[in-house]
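In this note's numbering, the protein residues as written are 54 to 684. Beta carbons are placed, not taken as given, at the ideal position from N, Cα and C, and that holds for glycine.
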């Protein structure tokens, strides 16, 4: 994996600027660095390389044999060998064995149409010398990141936001709408970033910048997740296709010239990926898992059992409460903008362990979003079932009783706060960190007004298409927002900070197409009644067949962190006070009394606010580190 960066300017740029952009991303590519210039220094491409394929011949930036174009590329295309054969038949010449050169020639041969042929993960930029045109693209699922900015003097792009910041000598202004999105959802969705003027290229999009019209930026979509007109409802046919496609995808994702390993949590998705990996390897594979001292969160024993079943060489990392403060400061430097998913803690910690053994690791990410594995799907479907069975008075009573019986954050939100809500509001509430009512208390009046956002989830739901059922719409939203902007962002930054490449077989374009071909009634299947065993039914059935009933029947835990308990073990009030004092100017935005109240309620066990408190802590630590302009 690699880091890319580039500049297209109306005046010559010193080489030191592009070197600063790539140096800021050294962690993504510690093995090699390179840059390319054209137009008397007004065009620069920069690259940092993590060598995975064609170790000797894959240096970048790379030009085609005829000198027509140059590329900087971050990613892996797993069908590059087949594409190369097709391109050679078309007369293309090659001087390396890398997938980078295949992507470059594919673009020169098919233009933007090449993106439909690429199976893999990528973000790249190609400069056409003859046309003076810059072409940028991001993979269909958003596995690899790509940021860009239009400045008064030109155009910048970079894998990570820190690459852009290295080229901007002025202090950047806070994007209030992005802050509002963060506080509501815990992440900042594309195309937004926390800074005004800096953008993320959306997954499945490309962008063309002509020399003469650099100021006109209009990203274009080349890939869209679509549901089948006639869904697949036959269980046997579904399982047959799923087993074949997943086995093929894992085998393709194992193409590498360096050692690789597998995440193994003990759950269904990572276990299936590791199983097919072991089956495709001639040597015992390496598997890695994270352990916690808290039994409620620890899956290391289940992962160990699975490792023994597939015959892997197994490694375990351990994360404890005393690591929270140190890890928080690391994460703020890694993520560049506020990011509230606390599972970034164990992800980064484990990636550092893995990086001591291998350079590439395969994960089971994407299985929950594509096949219907989250408990919130179950909650929404159950709520939908009961919505018409209870009158308004009964639902008010349910709200009052649930608050008294379950002093836990998720159940409070899903039962108490939303027991009287229409279905749409209930579904939104399952993922909210702060509702509008909570934000009105947390923020100053001016900040609350500035942080107003359009109906973000409503817009995504509309894109899913008319007539879709509840599960289709929820999964559409997750695949197009939560997955790339939370799950994949978490893994990319955490792994690349450790110079580790993570591959995602579940998100192969063929696997995604298959999942959306399957009927929602089969993805989450009712066996008499809805239960946790209804979730991601095809993957669960495949796991039963290949790995046994014990795995398929194990309750889902997810890769979560015991922050609920850790915040009561560490000095939470002291940590909040320390971060508050260091975050100069934050008092104009956040209400300190509300933050203190949340902490006291949590420490006293009256309420569980751990996810909200983590979101606030991350914001404070980020503010201390970056000090944005507040207008």
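{"Query": "Nearest-angstrom Cα distance between residue 534 and residue 560?", "Result": "14 Å"}
{"Query": "On the criterion of 16 or more Cβ atoms from any shown chain inside 10 Å, does residue 211 qualify as buried, or is it exposed?", "Result": "buried"}
{"Query": "Three-state secondary structure (DSSP) at residue 458?", "Result": "Interpretation of residue 458 is limited by its pLDDT of 45, a score under 50 that renders its predicted location unreliable; the figure taken from the coordinates is listed afterwards. Helix at residue 458."}
{"Query": "State whether the stretch 367 to 386 contacts the stretch 294 to 303, with contact taken as three or more CB pairs (one from each stretch) at a distance under 8 Å.", "Result": "no"}
{"Query": "At 4 residues or longer, what runs of the alpha helix (DSSP H) sit wholly inside the stretch 69 to 106?", "Result": "none"}
{"Query": "Do you know offhand how far residue 121's Cα is from residue 145's?", "Result": "12 Å"}
{"Query": "With residue 251 as the anchor, note down where its beta strand (DSSP E) starts and where it stops.", "Result": "251 to 253"}
{"Query": "Should the stretch 380 to 393 be regarded as contacting the stretch 673 to 682, the criterion being three or more beta carbon pairs within less than 8 Å?", "Result": "yes"}
{"Query": "Report the three-state DSSP secondary structure of residue 319 (helix, strand or coil).", "Result": "coil"}
{"Query": "Measure the alpha-carbon distance for residue 190 versus residue 133 and round it to whole angstroms.", "Result": "17 Å"}
{"Query": "How close, in whole Å, do the beta carbons of residue 157 and residue 124 come, if the pair is a contact with beta carbons under 8 Å?", "Result": "4 Å"}
{"Query": "Quick test of the definition: if touching needs 3 or more C-beta pairs under 8 Å, does the stretch 314 to 334 touch the stretch 284 to 294?", "Result": "no"}
{"Query": "Do residue 328 and residue 599 have their beta-carbon atoms positioned less than 8 Å apart in this structure?", "Result": "yes"}
{"Query": "Please list, in chain order, all residues of the same chain as residue 314 whose beta carbon is under 7 Å from its beta carbon, the five residues on each side excluded.", "Result": "338, 339, 340, 341, 407, 410, 411 and 414"}
{"Query": "Are residue 501 and residue 510 closer than 8 Å when you measure CB to CB?", "Result": "no"}
{"Query": "Would you call the stretch 91 to 101 in contact with the stretch 219 to 231, where contact means no fewer than 3 C-beta pairs closer than 8 Å?", "Result": "no"}
{"Query": "Check residue 186 in the structure and name its three-state DSSP category.", "Result": "strand"}
{"Query": "Helix, strand or coil: how does DSSP classify residue 442 here?", "Result": "coil"}
{"Query": "The alpha helix (DSSP H) spanning residue 576 covers which residue range?", "Result": "573 to 576"}
{"Query": "Grab me the residues of residue 404's own chain with a C-beta within less than 6 Å of its C-beta, minus the 5 sequence neighbours each way, in chain order.", "Result": "547, 548, 551 and 553"}
{"Query": "Where does residue 361 fall in DSSP's three states?", "Result": "helix"}
{"Query": "Taking only runs that begin and end inside the stretch 619 to 678, name each unbroken alpha helix (DSSP H) of 4 or more residues, in chain order.", "Result": "625 to 635 and 645 to 656"}
{"Query": "Under a three-way DSSP split, which group does residue 181 fall into?", "Result": "strand"}
{"Query": "Is the stretch 581 to 588 touching the stretch 535 to 545, taking contact as three or more C-beta pairs under 8 Å?", "Result": "no"}
{"Query": "Does DSSP put residue 303 in a helix, a strand or coil?", "Result": "helix"}
{"Query": "Thinking residue 239 and residue 393 are a contact (beta carbons under 8 Å), I'd like their distance in whole angstroms, please.", "Result": "4 Å"}
{"Query": "Please check the pair residue 609 and residue 428, which I expect to be a contact at CB under 8 Å, by giving their CB distance rounded to whole angstroms.", "Result": "7 Å"}
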